[in-house]
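Going by the working numbering, the first residue of the sequence shown is number 1, and it counts up by one from there.
Note that CB positions come from ideal geometry on N, CA and C, so glycine has one too.
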Amino acid sequence: MIAAAQLWQPFHEFVFMRRALLGGLVLACSTAPLGVFLILRRMSLIGDAVAHGILPGAALGFWFAGLSLPALTIGGLGAGLSMAGLAAWITRRTGLREDASLAAIYPISLASGVLILGIAGKRLDLLHLLFGSALAVDGPTLTGMIWVSGFSLIAMALIYKPLLLDTLDPLFLQTVSRLGPLAHGVFLTLVVLNLVIGFQAIGALMVVGLMMLPAAASRFWSRRLPVLIAIAALLGCLSVWFGLLLSFYYSLPSGPAIVLVAGALYLLSVVFGPVHGLLRRPPLLTSQ
């Protein structure tokens, strides 16, 4: 077990632990509202699809510039936005649901990323792209995470009302405003941007867990949207903190450790949450 003093000691003694903690905390705060809205809009699996979709761009960035933060970011962002835009175009043209379009595109993107790395003739550990290492966050990556988090929170505040109306009653929003498509486009851009900056720290697949698990867990603690967002951010921050501690003390991969803590908090919410938690549900009526 971890003693009380050990909760702070690694972050006090080691710079890389402080960077990992700060980067994870700001990432958790920016992904929390995105995850909550993804769930409310029934788009929970889109984050996973987009996370796979950024790999070809990251592979191209690595091909031309090596392990360069700007190259990986620009490549991943371009690939993710292209994938989301293509899925939206297919949906508008054919009527196929957007999540179905993304589900069809993301295996192609994943295979393309692996193929590009093979053609490039350069070695890059694919596991690093998929699962990352929060303990390897350097100064430029941390700066990028802080900027992305701040920009995401400001943008979400600006599109909050139209995005909420588009989520709950899109037909009403169409009658009073034309901001629905714009809000949706900005929202998807923020999802891609957070996934791109997050995959460099905790991996393309692990950042999806940090985005979705706290958001799903928060649904068991409140019915009010602002409270859901705050609880999701809090659970995400706790996941980062305790996940890094487990990684440090027990020599575990940091990305999976963070997501497993988030998964444990989700399961606890399922059982003990006051809103439809298993222990709070009324007993089923039985016939005598």
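Can you look up residue 310 in the DSSP assignment and give me helix, strand or coil? Residue 310 is absent from the model: the chain starts at 1 and stops at 288.
For the pair the stretch 77–87 and the stretch 98–107, tell me if three or more CB-CB distances fall below 8 Å. yes
Measuring alpha carbon to alpha carbon, tell me which residue in 265, 48, 169 is nearest residue 214. In the sequence shown, the residue the question calls residue 214 occupies position 214. Nearest of 265, 48, 169 to residue 214, Cα basis: 265.
Measuring CB to CB, does residue 192 end up less than 7 Å from residue 80? Working through the sequence shown from its first residue, we reach residue 192 at position 192. Working through the sequence shown from its first residue, we reach residue 80 at position 80. In this structure, residue 192 places its C-beta atom within 7 Å of the C-beta atom of residue 80.
Which class does residue 239 belong to by DSSP, given the choice of helix, strand or coil? Indexing the sequence shown from 1 puts residue 239 at position 239. In this structure, residue 239 counts as helix in the three-state DSSP scheme.
Is residue 44 helix, strand or coil by DSSP? Translated into positions along the sequence shown, residue 44 becomes position 44. Coil at residue 44, not helix or strand.
How about residue 23 and residue 142: do their beta carbons lie closer than 7 Å? Counted from its first residue, the sequence shown places residue 23 at position 23. Counted from its first residue, the sequence shown places residue 142 at position 142. Contact flag set, yes.
What residue range is occupied by the uninterrupted alpha helix (DSSP H) comprising residue 147? Numbered from its first residue, the sequence shown carries residue 147 at position 147. Unbroken alpha helix (DSSP H) run through residue 147: 139–158.
At the level of alpha carbons, what is the spacing between residue 58 and residue 107? The residue labelled residue 58 in the question sits at position 58 within the sequence shown. The residue labelled residue 107 in the question sits at position 107 within the sequence shown. Going by the C-alpha atoms only, they are around 15 Å apart.
Test item: CB-CB of residue 21 and residue 14 under 7 Å: Here residue 21 refers to the residue found at position 21 when the sequence shown is read from its first residue. Here residue 14 refers to the residue found at position 14 when the sequence shown is read from its first residue. No, the Cβ-Cβ distance between residue 21 and residue 14 is not below 7 Å.
Quick one: grab the DSSP three-state call for residue 56. For the purposes of this step, residue 56 is taken as the residue at position 56 of the sequence shown. Helix, per DSSP.
With a cut-off of 8 Å on the beta carbons, I'd call residue 258 and residue 270 a contact; round off their distance for me. Stepping through the sequence shown from its first residue, residue 258 is reached at position 258. Stepping through the sequence shown from its first residue, residue 270 is reached at position 270. Actually they are not in contact, since the Cβ atoms of residue 258 and residue 270 sit about 19 Å apart, beyond 8 Å.
Taking 6 Å as the cut-off, is the C-beta of residue 72 nearer than that to any heavy atom in the ligand MG? With respect to small molecules bound, the structure shown includes none, and the ligand MG cannot be examined in it.
In whole angstroms, what is the alpha-carbon distance linking residue 285 and residue 29? Along the sequence shown, one-based indexing puts residue 285 at 285. Along the sequence shown, one-based indexing puts residue 29 at 29. Only weak support exists for where residue 285 lies, its pLDDT of 45 falling under 50; the coordinates are left without a value.
Please list, in chain order, all residues of the same chain as residue 111 whose beta carbon is under 6 Å from its beta carbon, the five residues on each side excluded. Locating residue 111 in the sequence shown gives position 111, counting from the first residue. Closer than 6 Å at Cβ, skipping near neighbours: no residue.
Please list the segments of the beta strand (DSSP E) lying wholly inside the stretch 174–249, counting only runs of 3 or more residues, in order along the chain. none
Over the uninterrupted alpha helix (DSSP H) stretch that includes residue 81, give me the two end residues. Indexing the sequence shown from 1 puts residue 81 at position 81. Residues 69–94.
Status (buried if at least 16 other CB within 10 Å, exposed otherwise) for residue 61: If you number the sequence shown from 1, residue 61 lands on position 61. With 16 or more other Cβ atoms within 10 Å, it is buried.
Whose CA, out of 208, 72, 96, lies closest to the CA of residue 113? Numbered from its first residue, the sequence shown carries residue 113 at position 113. Looking at 208, 72, 96, the one whose alpha-carbon comes closest to that of residue 113 is 72.
Please identify the residue among 153, 249, 34, 157 whose C-alpha is closest to the C-alpha of residue 5. Position 5 of the sequence shown, counted from the start, is the residue given in the question as residue 5. Answer by Cα proximity: 249.
Straight-line Cα distance separating residue 25 from residue 237: Position 237 of the sequence shown, counting from 1, holds the residue named residue 237. Position 25 of the sequence shown, counting from 1, holds the residue named residue 25. The straight-line gap from Cα to Cα measures roughly 5 Å.
Measure the alpha-carbon distance for residue 156 versus residue 261 and round it to whole angstroms. Locating residue 156 in the sequence shown gives position 156, where the first residue counts as 1. Locating residue 261 in the sequence shown gives position 261, where the first residue counts as 1. Each residue's alpha carbon lies about 26 Å from the other.
In its own chain, which residues sit with a C-beta less than 6 Å from the C-beta of residue 183, not counting the 5 before and 5 after it? If you number the sequence shown from 1, residue 183 lands on position 183. 159, 162, 163, 166, listed in sequence order.
Going by other Cβ atoms of all chains shown within 10 Å of its Cβ, with 16 needed for buried, is residue 139 buried or exposed? Taking the sequence shown and counting its residues from 1, one reaches residue 139 at position 139. Classification of residue 139: exposed, given that the 10 Å Cβ count is below 16.
Can you give me the start and stop residues for the alpha helix (DSSP H) that residue 9 sits inside? Here residue 9 refers to the residue found at position 9 of the sequence shown. First-last of the alpha helix (DSSP H) with residue 9: 9–13.
How many Å lie between residue 274 and residue 92 at the Cα? Here residue 274 corresponds to residue number 274 of the sequence shown, with the count starting at 1. Here residue 92 corresponds to residue number 92 of the sequence shown, with the count starting at 1. Going by the C-alpha atoms only, they are around 40 Å apart.
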